[in-house]
Amino acid sequence: MHFYNGYHFWGMHLIWWIVWIVLLAWIFFLPLPIPNKNWGPKEESALDMLQKRYAAGEISTEEYKERKAVLEKE
1 MHFYNGYHFW
11 GMHLIWWIVW
21 IVLLAWIFFL
31 PLPIPNKNWG
41 PKEESALDML
51 QKRYAAGEIS
61 TEEYKERKAV
71 LEKE
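By the UniProt record's numbering, the letter at position 71 of the sequence shown is numbered 71, and the numbering carries on one by one without gaps.
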């Protein structure tokens, strides 16, 4: 089977191979978002909330130290 260019069927066949390789490479290297636990709003820990309350003056130094000691035990 010869076509006009003398390369048998490699003319169109090679083009389709190139199309498939480019398509598969594009799909493979396409950056997909991978969900993880760090997405979305960050939940504050109890220690973070305690530090904010202490910084705002809502609790005394003694109360801060007591609660911090309890939280660090857990």
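Glycine included, C-beta positions come from ideal geometry on N, C-alpha and C.
Taken through DSSP and simplified to helix, strand or coil, LEU47 comes out as helix.
By alpha-carbon distance to GLN51, the top candidate from LYS42, LEU24, LYS65 is LYS65.
In the DSSP assignment, LYS65 falls within the alpha helix (DSSP H) that extends over 61–73. In the structure shown, ALA55 adopts helical secondary structure according to DSSP, grouped into three states.
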